[in-house]
Amino acid sequence: MDGRNCGFIFEKTEISTVMEFSGWFMLLCLFVQLRQGICAYCGSSYYDPSSNTCCRGVLTSHKNQLCCGKKGYKPPYESCCNGIVNSPGGSHCCGYKAYTPPYKTCCNGQLNAPGGTYCCGKKAYTPPYLVCCNGVLNSPGKKLCCDKKTYDPDYETCCHGKLHPRNGLCCGSVIYNPEEEICCSGIVHTNKHRCCGTESYHPYSEQCCYGRYVKTRGYC
Numbered sequence: 001m002d003g004r005n006c007g008f009i010f011e012k013t014e015i016s017t018v019m020e021f022s023g024w025f026m027l028l029c030l031f032v033q034l035r036q037g038i039c040a041y042c043g044s045s046y047y048d049p050s051s052n053t054c055c056r057g058v059l060t061s062h063k064n065q066l067c068c069g070k071k072g073y074k075p076p077y078e079s080c081c082n083g084i085v086n087s088p089g090g091s092h093c094c095g096y097k098a099y100t101p102p103y104k105t106c107c108n109g110q111l112n113a114p115g116g117t118y119c120c121g122k123k124a125y126t127p128p129y130l131v132c133c134n135g136v137l138n139s140p141g142k143k144l145c146c147d148k149k150t151y152d153p154d155y156e157t158c159c160h161g162k163l164h165p166r167n168g169l170c171c172g173s174v175i176y177n178p179e180e181e182i183c184c185s186g187i188v189h190t191n192k193h194r195c196c197g198t199e200s201y202h203p204y205s206e207q208c209c210y211g212r213y214v215k216t217r218g219y220c
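Residue numbers (the UniProt record's numbering): 1 to 220.
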């Protein structure tokens, strides 16, 4: 057992005197110094905490460092981000990289420079200069989003993510004219007054029985 890192050095003239007691003496001294914090154990060796730092069983060459995985680092000059030392450091982490807002913005693990007010997917942006629709940036000018695109509701209609001219109502992802057609559970039919599931029927000559369309009237 080697205690030289904790200050145990014997002169040659003392070796014969202390040889038979050296093992117990070393153990006793190490125990006392470990209790007092003068000596500590790191991995497979002892070390002086006033000179080194132990990080997960690995000695670093500097004292009073913080640990980042098996490496030491010294804030604020360095930062630890998910086990990786960053130099220079930053106040925030974005994945494995350090950064400082507002000069940079982290969006879903990707750093953006210059920064922005909000995130759109992995990109930063600042309204009203850009508009974000489902993770896709669009140029300003139009008011609302239709899936990943912007549109003006004064001129267009969005039906389940598909754009149409503003001349009717939505029936699923298509558009229909309610004066001439009827929408039955997302299916457009010529207006027969009523719906039966996805079918349409005329209530005076046909009927709907428990969600099923019947061509002749009678009892369900």
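From the three backbone atoms N, C-alpha and C, an ideal C-beta is built for every residue, glycine too.
Just so it is clear, the structure is predicted and the values come from calculations on it, not from any experiment.
>> Output needed for Val136: all residues of its chain with C-beta closer than 6 Å, excluding positions within five of it in sequence on either side, in chain order.
In response: Reading the sequence shown from its first residue, position 136 is the one you call residue 136. When the five nearest sequence neighbours on each side are left out, the beta carbons in the same chain lying within less than 6 Å of the beta carbon of Val136 are those of Lys148, in order along the chain.
> Just to confirm, are Gly115 and Tyr125 a CB contact at a threshold of 7 Å?
Replying inline: The sequence position of residue 115 within the sequence shown is 115, counting from 1. The sequence position of residue 125 within the sequence shown is 125, counting from 1. With respect to Tyr125, Gly115 sits apart: the two C-beta atoms are not nearer than 7 Å.
> Taking the alpha-carbon positions, what's the Tyr41 to Thr60 distance?
Replying inline: Translated into the one-based positions of the sequence shown, residue 41 becomes position 41. Translated into the one-based positions of the sequence shown, residue 60 becomes position 60. Near 13 Å, if we compare the C-alpha coordinates of Thr60 and Tyr41.
> Shortest alpha-carbon distance to Gly172 belongs to which of Lys192, Ser44, Tyr151, Ile187?
Replying inline: Here residue 172 is taken as the residue at index 172 of the sequence shown, counted from 1. Out of Lys192, Ser44, Tyr151, Ile187, Ile187 has the C-alpha closest to the C-alpha of Gly172.
>> Our contact map puts Lys63 next to Val85 with C-beta atoms below 8 Å; I'd like the distance itself, whole angstroms only.
In response: Your numbering for residue 63 matches position 63 in the sequence shown. Your numbering for residue 85 matches position 85 in the sequence shown. Not confirmed; about 17 Å, so no contact.
> Alpha carbon to alpha carbon, how far is Cys80 from Cys55?
Replying inline: Walking along the sequence shown from the start, residue 80 turns up at place 80. Walking along the sequence shown from the start, residue 55 turns up at place 55. Cys80 and Cys55: Cα-Cα distance of roughly 13 Å.
> How many angstroms separate the CA atom of Thr198 from the CA atom of Pro178?
Replying inline: Along the sequence shown, read from residue 1 onward, the residue named residue 198 stands at position 198. Along the sequence shown, read from residue 1 onward, the residue named residue 178 stands at position 178. The C-alpha of Thr198 lies about 16 Å from the C-alpha of Pro178.
> To which residues of the same chain is Ser87 closer than 6 Å at the C-beta, ignoring the five residues directly before and after it?
Replying inline: As a position in the sequence shown, residue 87 is number 87, starting the count at 1. Within the same chain, Glu78 come within 6 Å of Ser87 by CB-CB distance, once the 5 residues on both sides are set aside.
>> By alpha-carbon positions, which one of Lys122, Leu144, Gly121 ends up nearest to Pro128?
In response: Counted from its first residue, the sequence shown places residue 128 at position 128. Comparing Cα positions, the closest option is Leu144.
> Between the beta-carbon of Tyr201 and the beta-carbon of Lys192, is there less than 7 Å?
Replying inline: As a position in the sequence shown, residue 201 is number 201, starting the count at 1. As a position in the sequence shown, residue 192 is number 192, starting the count at 1. Taking 7 Å as the Cβ cut-off, Tyr201 and Lys192 qualify as a contacting pair.
> Any idea if Asn52 is buried or exposed, counting beta-carbon neighbours within 10 angstroms, 16 or more meaning buried?
Replying inline: Position 52 of the sequence shown, counted from the first residue, corresponds to residue 52. Its Cβ being crowded by 16 or more others within 10 Å, Asn52 is buried.
> Using DSSP with H/G/I as helix, E/B as strand and the rest coil, what is Pro203?
Replying inline: Taking the first residue of the sequence shown as position 1, residue 203 is located at position 203. Of the three classes helix, strand and coil, the one that applies to Pro203 here is coil, per DSSP.
> Would DSSP call Ser61 helix, strand or coil?
Replying inline: For the purposes of this step, residue 61 is taken as residue 61 along the sequence shown, with counting starting at 1. Three-state result, Ser61: coil.
>> Here's a check: name, in chain order, each residue in its chain whose Cβ is nearer than 7 Å to the Cβ of Tyr151, leaving out the five neighbours to either side.
In response: Position 151 of the sequence shown, counting from 1, holds the residue named residue 151. Closer than 7 Å at Cβ, skipping near neighbours: Lys142, Leu144, Cys158, Leu163.
> How would you label Tyr118, buried or exposed, when you count the other beta carbons within 10 angstroms and need 16 or more for buried?
Replying inline: Residue 118 sits at position 118 when you count from the first residue of the sequence shown. Tyr118 is exposed by the Cβ-count criterion.
> Taking all protein chains shown into account, do 16 or more other C-beta atoms lie within 10 angstroms of the C-beta of Tyr176, making it buried, or fewer, making it exposed?
Replying inline: Residue mapping note: residue 176 aligns to position 176 of the sequence shown, counting from 1. It counts as buried.
>> Checking 7 Å against the spacing of the C-beta atoms, do Cys195 and Cys209 come in under that value?
In response: Along the sequence shown, one-based indexing puts residue 195 at 195. Along the sequence shown, one-based indexing puts residue 209 at 209. With a cutoff of 7 Å on beta-carbon distance, Cys195 and Cys209 are scored as not near each other.
> At what residue ranges does the stretch 145–195 contain a whole run of the beta strand (DSSP E), taking only runs of 3 or more?
Replying inline: DSSP runs (the beta strand (DSSP E)) wholly in the stretch 145–195: 149–151, 156–159, 162–165, 169–171, 174–176, 181–184, 187–190.
>> Would Leu180 and Arg166 be called neighbours here (beta carbons separated by less than 7 Å)?
In response: Taking the sequence shown and counting its residues from 1, one reaches residue 180 at position 180. Taking the sequence shown and counting its residues from 1, one reaches residue 166 at position 166. First, the amino acid is wrong: residue 180 is Glu here, not Leu. Result no, Cβ atoms of Glu180 and Arg166 do not sit closer than 7 Å.
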